[in-house]
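Here the structure is laid out as structure tokens; the discussion comes afterwards.
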């Protein structure tokens with residue numbers, strides 16, 4: 001996806017669901033959504049291990065089917081081997097963009113989403129890309 005389109009999608013987005021959100025501050029599944037929350041996005045954490053607890057000002061839900069509002073971006077912190085199990089819920093959710101974090105790719109999952117008209121970004125960190133697109137290069 002080209003930078004201009006990515007920047008547009010990130011500018012228009014308001015709500016980001018985080019599949020695999022974590023409460024350990026040392027894990028990317030915590031500090032990436034925390035950064036996004038601090039940038040003004042509404043974060044909807046999804047993780048059955050922490051369901052009912054609060055993260056980023058919202059109650060953690062067990063699964064994508066438990067989300068009760070539209071999602072602009074689905075940020076995924078799940079191993080590639082688990083992605084196809086989530087596919088029916090992702091398709092039902094119909095997010096505006098699915099973002100697979102660094103190290104996460106699954107060609108069949110990505111193809112199924114694209115065939116359903118859902119754009120996908122794979123193997124890239126949403127926090128790193130957001131900083132790059134909106135803050136510019138860090139001066140040396």
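In full-length UniProt numbering, the protein residues as written are 1 to 140. The C-beta atom is built at its ideal place from N, Cα and C for all residues, glycine as well.
{"Item": "Range of the contiguous alpha helix (DSSP H) that encloses residue 90", "Value": "83-93"}
{"Item": "Enclosing alpha helix (DSSP H) for residue 133 [first to last residue]", "Value": "126-135"}
{"Item": "Euclidean distance between Cα positions of residue 100 and residue 3", "Value": "16 Å"}
{"Item": "Per DSSP, cross-strand counterpart(s) of residue 36", "Value": "Partner(s): none; residue 36 has no beta bridge."}
{"Item": "Sub-8 Å separation of residue 26 and residue 47 beta-carbons", "Value": "no"}
{"Item": "Identity of the residues DSSP links to residue 45 by a beta bridge", "Value": "18"}
{"Item": "Member of 135, 38, 121 and 64 whose CA lies at the smallest distance from the CA of residue 87", "Value": "64"}
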